[in-house]
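Engineer: In the working numbering, the protein residues as written are 2 to 451. Don't be surprised by glycine CBs; every beta carbon is placed ideally from N, CA and C. Source: prediction; values computed, not measured.
#1: On the DSSP letters alone, give me the boundaries of the alpha helix (DSSP H) that residue 9 sits inside.
#2: Could you tell me whether the Cβ atoms of residue 333 and residue 388 are closer together than 8 Å?
#3: Sort out for me which residues DSSP pairs residue 319 with in a bridge.
#4: Determine, using beta-carbon pairs with one atom in the region 231-250 and one in the region 271-290, whether at least three such pairs fall under 8 Å.
#5: Please give the ranges of any beta strand (DSSP E) in the region 210-260, keeping only runs that are unbroken, at least 3 residues long and fully inside the region.
#6: Could you round the C-beta distance between residue 443 and residue 421 to whole angstroms and report it? I think they count as a contact, below 8 Å.
#7: Could you pull the start and end residues of the alpha helix (DSSP H) that residue 144 belongs to?
#8: With H, G and I counted as helix, E and B as strand and the rest as coil, what does DSSP make of residue 411?
#9: Taking all protein chains shown into account, decide if residue 191 is buried (16 or more other Cβ within 10 angstroms of its Cβ) or exposed.
#10: Using the rule of at least 16 other Cβ atoms within 10 Å of the residue's Cβ for burial, across every protein chain shown, is residue 47 buried or exposed?
#11: Whole angstroms is fine: what's the gap from residue 26's alpha carbon to residue 429's?
#12: Just to confirm, is the Cβ distance from residue 187 to residue 70 under 8 Å?
#13: Just to confirm the assignment, what range does the beta strand (DSSP E) spanning residue 358 have?
#14: Between 355, 360, 259, which has its C-alpha nearest residue 373's C-alpha?
#15: Hey, out of 270, 20, 450, whose CA is closest to residue 243's CA?
#16: Compare the C-alpha of residue 38 against each of 296, 119, 174 and name the closest.
#17: By the three-class DSSP mapping on this structure, what secondary structure does residue 368 have?
#18: Here's the rule I'm using: 16 or more other beta-carbon atoms within 10 Å means buried, otherwise exposed. How should residue 185 be labelled?
#19: Give every residue of the same chain whose Cβ lies closer than 7 Å to the Cβ of residue 156, excluding the five residues on either side of it in the sequence, and list them in chain order.
#20: Could you check whether residue 86 and residue 74 sit closer than 8 Å to each other, using their CB atoms as the reference points?
#21: Put residue 51 into one of helix, strand or coil per three-state DSSP.
#22: Quick check: residue 337 and residue 405, are their CB atoms within less than 8 Å of each other?
#23: For residue 178, which three-state DSSP category applies?
#24: Would you say residue 297 and residue 274 are within 8 Å of each other, going by their C-beta atoms?
#25: Relative to the C-alpha of residue 237, which candidate in 213, 418, 446, 280 has its C-alpha closest?
#26: Can you find the residues in the same chain that come closer than 6 Å, C-beta to C-beta, to residue 411, ignoring five residues on each side of it along the sequence?
#27: Would residue 80 and residue 101 be called neighbours here (beta carbons separated by less than 8 Å)?
#28: Taking DSSP's pairing of strands, which residues face residue 443 in a bridge?
#29: According to DSSP, what are the bridge partners of residue 123?
#30: Around the Cβ of residue 8, are there at least 16 other Cβ atoms within 10 angstroms (buried) or fewer (exposed)?
#31: Here's a check: name, in chain order, each residue in its chain whose Cβ is nearer than 7 Å to the Cβ of residue 382, leaving out the five neighbours to either side.
#32: Give the DSSP-derived three-state secondary structure of residue 395 in the structure shown.
#33: Please check if any C-beta of chain B sits within less than 8 Å of the C-beta of residue 254.
#34: Output the distance between the C-alpha atoms of residue 229 and residue 103, rounded to the nearest integer angstrom.
#35: Are the CB atoms of residue 259 and residue 361 nearer to each other than 8 Å?
#36: Per DSSP, what kind of secondary structure is residue 27 in: helix, strand or coil?
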């Protein structure tokens with residue numbers, strides 16, 4: 002267990018150092034670098050610790066028995082892990098049992114034939130029965146990285162993609178080399194062979210300092226720039242507009258975005274959206290889905306002229322009526338209209354509590370929501386329709402102030418949009434240079450009501 006912990010800790014430490022050195026996502030377009038940066042250090046530590054221990058120990062136990070004991074202990078760890086994951090209803094625990102079964106078969110063969118007492122013959126069943134697990138987990142590693150590399154690469158600037166990928170590499174290394182790493186100790190020049198892993202790591206680390214390790218490649222693994230041409234309107238409790246502005250939102254979709262965007266907008270009048278978080282829902286940033294809410298605190302805002310929006314697709318939210326259900330519970334009925342993709346954000350204020358709504362038949366419990374802000378999405382096909390819904394709030398006794406903040410956000414995606422000349426020039430001048438990037442353009446309007 003100490004060997005596994007130390008080996009995994011080294012790989013995670015490397016991931017942290019790479020992230021702190023502002024060189025993340027090197028695997029996004031060059032996934033073969035994962036082998037040298039994360040897997041080789043793990044293998045180096047996993048092979049070094051047993052070899053040094055068995056070499057320096059003071060014991061009468063033969064070397065072959067010491068190596069077998071290391072493999073037995075690794076098998077016990079996998080058994081305990083399989084039991085734990087099964088109890089947690091994690092279905093992928095079946096993969097762990099594959100390594101256990103094939104190693105157990107090799108132990109049975111060695112025990113039944115007496116090969117375990119011979120100097121080298123016991124290695125034959127162990128190595129032969131590790132071929133199928135090694136091939137299986139190698140195939141599984143391809144599937145695992147194929148899934149997680151795109152997810153981790155575009156999980157936002159607040160995530161830790163290096164930890165995710167190093168974790169995947171550790172899992173694959175444990176399953177493929179867990180029973181093989183201790184066997185290096187039986188080689189005549191074991192230390193020289195084990196040092197090969199360190200040499201490979203150093204060579205790959207040097208590659209990280211070259212342009213070859215740049216995360217993005219045109220048409221293969223492009224960086225995605227999410228650019229929202231946005232108009233925002235703010236209303237007070239009486240429905241009077243208090244502020245109206247427009248501009249471009251640049252939302253960071255990856256950990257490398259703050260580095261690449263500096264050269265693009267360095268000479269513009271941009272601001273960070275973090276300062277707006279105390280005044281606006283979701284910091285005033287048009288996140289497309291709720292899981293990107295953390296990105297709203299790290300986005301960029303560049304003032305610009307208003308987007309072109311046809312009258313038939315202009316969005317709006319109206320309070321139809323307010324009804325007292327009881328002395329402390331009030332129903333607010335709303336109607337929203339706009340394009341095919343509408344989102345409603347609302348946040349209870351001053352100890353007010355949402356107790357019911359008409360959005361769905363079953364009202365979710367508070368445990369369903371991680372934050373106080375609620376996020377609703379209304380979608381149509383091509384046509385745009387209006388929606389009516391109500392929200393029931395329970396307010397403190399004798400309270401007469403604002404009960405909640407609410408905002409409507411509209412994404413104009415269901416018709417042929419017309420971009421302004423200024424917006425086209427902005428894209429041409431600012432985003433034509435990075436050939437490794439893809440620009441995802443959206444027009445959005447927002448209405449904030451307090």
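Structural biologist: In brief:
#1: In the chain shown, residue 9 corresponds to position 8, counting from 1. In the DSSP assignment, residue 9 falls within the alpha helix (DSSP H) that extends over 3-21.
#2: Along the chain shown, one-based indexing puts residue 333 at 332. Along the chain shown, one-based indexing puts residue 388 at 387. No, they are not a contact pair.
#3: Looking up residue 319 in the chain shown gives position 318. Answer is 336, bridged to residue 319.
#4: yes
#5: 224-236, 242-252
#6: The count along the chain shown starts at 1 and reaches residue 443 at position 442. The count along the chain shown starts at 1 and reaches residue 421 at position 420. Their Cβ separation, rounded to whole angstroms, is 14 Å, which puts residue 443 and residue 421 out of contact at 8 Å.
#7: Here residue 144 refers to the residue found at position 143 when the chain shown is read from its first residue. For residue 144, the enclosing alpha helix (DSSP H) has its first and last residue at 132-154.
#8: To locate residue 411, count along the chain shown from 1; it is residue 410. Residue state, collapsed to three classes: strand.
#9: Locating residue 191 in the chain shown gives position 190, where the first residue counts as 1. With 16 or more other Cβ atoms within 10 Å, it is buried.
#10: The sequence position of residue 47 within the chain shown is 46, counting from 1. By the neighbour-count rule (16 or more Cβ atoms within 10 Å), residue 47 is buried.
#11: The residue you call residue 26 lines up with position 25 of the chain shown. The residue you call residue 429 lines up with position 428 of the chain shown. Their Cα atoms are separated by approximately 26 Å.
#12: The residue you call residue 187 lines up with position 186 of the chain shown. The residue you call residue 70 lines up with position 69 of the chain shown. Contact: no.
#13: Walking along the chain shown from the start, residue 358 turns up at place 357. Element bounds for residue 358: 354-358.
#14: For the purposes of this step, residue 373 is identified with residue 372 of the chain shown, where counting begins at 1. Minimum Cα distance to residue 373 is reached at 355.
#15: Here residue 243 corresponds to residue number 242 of the chain shown, with the count starting at 1. Closest option to residue 243, Cα to Cα, is 450.
#16: Numbered from its first residue, the chain shown carries residue 38 at position 37. Comparing Cα-Cα distances from residue 38 to each of 296, 119, 174, the minimum goes to 174.
#17: As a first step, residue 368 is located in the chain shown; it is residue number 367 there, counting from the start. Unreliable placement is indicated for residue 368, whose pLDDT of 49 sits below 50; the coordinate value is still reported in the next sentence. Note: residue 368 maps to helix in three-state DSSP.
#18: Stepping through the chain shown from its first residue, residue 185 is reached at position 184. It is buried - the Cβ of residue 185 has at least 16 other Cβ atoms within 10 Å.
#19: The residue labelled residue 156 in the question sits at position 155 within the chain shown. The beta carbon of residue 156 is closer than 7 Å to those of 162 in its chain, skipping five residues each way along the sequence.
#20: On the chain shown, residue 74 is found 73 positions in, with the first residue counted as 1. On the chain shown, residue 86 is found 85 positions in, with the first residue counted as 1. No; because the gap between Cβ atoms is not below 8 Å, this pair is not in contact.
#21: Indexing the chain shown from 1 puts residue 51 at position 50. In the structure shown, residue 51 sits in a helix (DSSP, three-state: H, G or I).
#22: Here residue 337 refers to the residue found at position 336 when the chain shown is read from its first residue. Here residue 405 refers to the residue found at position 404 when the chain shown is read from its first residue. Cβ atoms of residue 337 and residue 405: not closer than 8 Å.
#23: On the chain shown, residue 178 is found 177 positions in, with the first residue counted as 1. Look at residue 178 here: in three-state DSSP terms it is helix.
#24: Along the chain shown, read from residue 1 onward, the residue named residue 297 stands at position 296. Along the chain shown, read from residue 1 onward, the residue named residue 274 stands at position 273. Against a cut-off of 8 Å, the Cβ pair of residue 274 and residue 297 comes out as a contact.
#25: As a position in the chain shown, residue 237 is number 236, starting the count at 1. It is 280.
#26: Start at 1 with the first residue of the chain shown, and residue 411 comes out as number 410. Listed in chain order, the non-local C-beta contacts of residue 411 below 6 Å within the same chain comprise 316, 339, 340, 343, 446, local neighbours out to five positions each way being set aside.
#27: Your numbering for residue 80 matches position 79 in the chain shown. Your numbering for residue 101 matches position 100 in the chain shown. Yes, the pair counts as a contact, with Cβ atoms nearer than the cut-off.
#28: Mapped onto the chain shown, residue 443 falls at position 442. In DSSP, residue 443 forms a bridge with 229.
#29: Against the chain shown, residue 123 aligns to sequence position 122. Paired residues: none, contrary to the question.
#30: Taking the first residue of the chain shown as 1, we reach residue 8 at position 7. Answer is buried; the Cβ neighbour count reaches 16.
#31: Start at 1 with the first residue of the chain shown, and residue 382 comes out as number 381. Counting only Cβ-Cβ distances below 7 Å, and skipping sequence neighbours, we find 341.
#32: Your numbering for residue 395 matches position 394 in the chain shown. Correct three-state label for residue 395: strand.
#33: Of the protein chains in this structure there is only one, and it is not chain B.
#34: In the chain shown, counting from the first residue as 1, residue 229 sits at position 228. In the chain shown, counting from the first residue as 1, residue 103 sits at position 102. So the alpha carbons of these two residues sit roughly 54 Å apart.
#35: Sequence index remark: in the chain shown, residue 259 carries index 258 (1-based). Sequence index remark: in the chain shown, residue 361 carries index 360 (1-based). Going by C-beta atoms, residue 259 is not nearer than 8 Å to residue 361.
#36: Translated into the one-based positions of the chain shown, residue 27 becomes position 26. Correct three-state label for residue 27: coil.
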